[in-house]
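Note sheet for the following structure.
Number of protein chains: 2
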Amino acid sequence: MTKQPREPEKRPYDLGKRLEQMDESRAAILRAAKAQLTAKGYPQLTMVSLAAESGVTRQTIHNLFGTKTGVLEAVFDLIALDSGMERMREVMTQPPGDAQLVKFVGIFCGFWARNRLLLRRVHGIGAIDPEFGGVIEARNRRRLMAAARVVQGLGSGGESKRRAAKLAALTSFEFFDALAENCGSEAEAEAMVLEQARAAISMDDGRGPSK
Amino acid sequence: MTKQPREPEKRPYDLGKRLEQMDESRAAILRAAKAQLTAKGYPQLTMVSLAAESGVTRQTIHNLFGTKTGVLEAVFDLIALDSGMERMREVMTQPPGDAQLVKFVGIFCGFWARNRLLLRRVHGIGAIDPEFGGVIEARNRRRLMAAARVVQGLGSGGESKRRAAKLAALTSFEFFDALAENCGSEAEAEAMVLEQARAAISMDDGRGPSK
DNA sequence: ATTTAGTTTTACATGTTGTCAAATTAAATC
DNA sequence: GATTTAATTTGACAACATGTAAAACTAAAT
Chain L
62 MTKQPREPEK
72 RPYDLGKRLE
82 QMDESRAAIL
92 RAAKAQLTAK
102 GYPQLTMVSL
112 AAESGVTRQT
122 IHNLFGTKTG
132 VLEAVFDLIA
142 LDSGMERMRE
152 VMTQPPGDAQ
162 LVKFVGIFCG
172 FWARNRLLLR
182 RVHGIGAIDP
192 EFGGVIEARN
202 RRRLMAAARV
212 VQGLGSGGES
222 KRRAAKLAAL
232 TSFEFFDALA
242 ENCGSEAEAE
252 AMVLEQARAA
262 ISMDDGRGPS
272 K
Chain B
62 MTKQPREPEK
72 RPYDLGKRLE
82 QMDESRAAIL
92 RAAKAQLTAK
102 GYPQLTMVSL
112 AAESGVTRQT
122 IHNLFGTKTG
132 VLEAVFDLIA
142 LDSGMERMRE
152 VMTQPPGDAQ
162 LVKFVGIFCG
172 FWARNRLLLR
182 RVHGIGAIDP
192 EFGGVIEARN
202 RRRLMAAARV
212 VQGLGSGGES
222 KRRAAKLAAL
232 TSFEFFDALA
242 ENCGSEAEAE
252 AMVLEQARAA
262 ISMDDGRGPS
272 K
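Going down the list, the protein sequences come from chains L and B.
Going by our numbering, the letters in the first sequence line up with residues 62 to 272, in that order.
Going by our numbering, the letters in the second sequence line up with residues 62 to 272, in that order.
Okay, here's the thing in structure tokens:
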């Protein structure tokens with residue numbers, strides 16, 4: 062009963078240059094997705110419009126990303142990659158103190174400012190769709206933990222948890238976006254975030270900011 | 062010559078009790094919309110699911126609200142109504158001072174806390190869809206103007222615009238939501254908003270005052 | 001009893017997502 | 001250069017959601 066599946070005698074095949082073209086297609090699709098998400102919003106972003114702008118077929122998008130959700134997740138990952146987790150390590154390896162706080166605030170505000178409209182959409186999707194909400198929440202939790210370390214480095218007592226919560230919220234995209242919207246300048250918004258962050262840390266229990 | 066359109070000789074008709082039933086249907090649909098938006102998110106909210114939960118036909122929803130967008134707008138309006146614009150007037154008629162600030166913060170945080178999940182969805186929709194974005198922005202602008210009056214009442218100098226921008230951002234839903242998420246308590250979040258608001262107002266201007 | 005108007009039913013048109021299989025094409029191998 | 005390989009394209013289809021329209025139905029008002 063040895064079933065002979067009749068293996069068709071394959072010849073070795075290295076994708077080589079074709080992989081590069083696939084990567085180009087992936088990149089083009091994600092670029093189009095970011096652009097359309099920013100410009101037209103989520104409901105107007107369709108597989109057809111994506112295919113048209115990225116120069117591939119609708120079917121190819123499905124081949125490369127599975128579903129529309131898959132494309133979105135890839136955009137998520139791409140943003141996370143750009144977001145500079147490396148720069149976050151740079152912050153953490155710095156000596157604790159006010160300079161570290163400045164860098165912490167600067168990195169996030171800089172990133173928020175660079176991708177403001179796109180991030181507004183992406184965070185919005187996380188807010189309306191529980192499926193994506195988890196991704197955003199996970200990233201927020203990571204920022205909270207990082208904030209906790211910065212706060213701890215500035216030597217606050219038992220209030221450190223409270224202060225970390227504040228610092229994380231003050232460095233959230235949404236707070237930055239609201240500030241920038243209200244004052245019209247992203248640089249000004251970053252300055253305000255820093256002011257409020259310093260206030261949050263040096264508040265209440267007497268121990269002032271490291272000087 | 063004179064074309065006689067043959068008017069069908071209408072008899073007067075007062076809707077009376079039927080209007081009440083229509084209002085009940087409207088209310089049931091909006092109740093279902095809020096519930097499903099909160100529980101399942103925006104993508105899972107369909108006309109069919111709405112009709113099923115509210116006990117009317119899909120067509121009736123179209124008759125009453127026009128389109129799905131119309132239902133959403135009605136939910137917006139309903140929230141705005143609940144939100145207590147009346148209470149805002151209450152704040153404005155108060156004598157300026159810290160007590161007014163406390164009330165200002167309390168009203169918004171209380172409202173955010175009461176409808177947290179629903180508001181997260183609604184604001185999310187505003188973020189992903191430019192069509193709704195305008196509605197949210199308009200309401201944010203109104204909060205900014207109110208914040209400006211509160212700040213002015215606390216007698217800040219030329220920095221009042223900056224402080225109003227801060228106060229408005231600090232009393233935004235998103236900031237409150239982030240705080241509540243980070244510290245786990247909505248009451249605690251409100252306390253933190255108030256602390257930060259006081260800090261924002263009593264702070265010397267961000268630009269170093271020539272020292 | 002009749003009229004009125006909202007509701008339901010039924011049907012249809014459109015647009016989007018997702019899947020599938022065969023045809024096509026370009027790169028890799030021989 | 002001919003053949004093999006695998007991605008891409010093409011064309012078709014099913015499922016589902018929104019939106020529209022007209023006729024049948026129903027309950028309230030007259």
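C-beta: ideal position from N, C-alpha, C; glycine also.
Every value quoted in this text rests on a predicted model; they were computed, and no experiment measured them.
Cutoff 8 Å: Arg200 (chain L) Cβ touching any chain B Cβ: no
Residue from L:Ala94, L:Ala199, L:Gly185 and L:Arg175 whose Cα sits closest to the Cα of Glu247 (chain L): L:Arg175
Answer with yes or no whether the minimum CB distance from Gln257 (chain L) to chain B is below 8 Å. yes
Between the stretch 101 to 122 of chain L and chain B, which residues of the former have CB atoms less than 7 Å from a CB of the latter, in chain order? Gly102, Tyr103 and Pro104
Would you tell me roughly how many angstroms separate the C-alpha atoms of Met206 (chain B) and Ala225 (chain B), rounded to the nearest one? 8 Å
Count the other C-beta atoms from every protein chain shown that fall within 10 angstroms of the C-beta of Gln97 (chain L), then say buried if there are 16 or more, exposed otherwise. buried
Within 10 Å of its beta-carbon, does Pro66 (chain L) have 16 or more other beta-carbons around it, so buried, or fewer, so exposed? Only weak support is given to the placement of Pro66 (chain L): the predicted model assigns it a pLDDT of 49, under 50, and the value that follows is read from those uncertain coordinates. Answer is exposed; the Cβ neighbour count stays below 16.
Measure the alpha-carbon distance for Arg204 (chain L) versus Arg210 (chain L) and round it to whole angstroms. 10 Å
Give a yes or no on whether the C-beta atoms belonging to His184 (chain L) and Glu235 (chain L) are separated by under 8 Å. yes
What separation, rounded to the nearest whole angstrom, lies between the Cα atoms of Arg79 (chain L) and Glu85 (chain L)? 10 Å
Quick one: any contact between the stretch 145 to 160 of chain L and the stretch 101 to 109 of chain L, if contact means 3 or more CB pairs under 8 Å? no
Use the C-beta contact count for Ala258 (chain L): other C-beta atoms within 10 angstroms, 16 or more gives buried, fewer gives exposed. buried
Counting only C-beta atoms, is Thr236 (chain L) closer than 8 Å to chain B at any point? Per the sequence shown, the amino acid found at residue 236 (chain L) is Phe instead of Thr. Yes, Phe236 (chain L) counts as interfacial toward chain B.
On a CA-only basis, which of B:Ala199, B:Gly245 and B:Leu142 is nearest Arg202 (chain L)? Give me that one, please. B:Gly245
Run through DSSP, which three-state label would Pro73 (chain L) get? coil
Over the uninterrupted alpha helix (DSSP H) stretch that includes Met83 (chain B), give me the two end residues. Lys78 to Lys101
Output yes or no for whether 8 Å exceeds the beta carbon distance between Ser115 (chain B) and Ile90 (chain B). yes
Proximal residues of chain B, C-beta to C-beta of Asn243 (chain L) below 7 Å: Leu205, Ala226, Ala229 and Ala230
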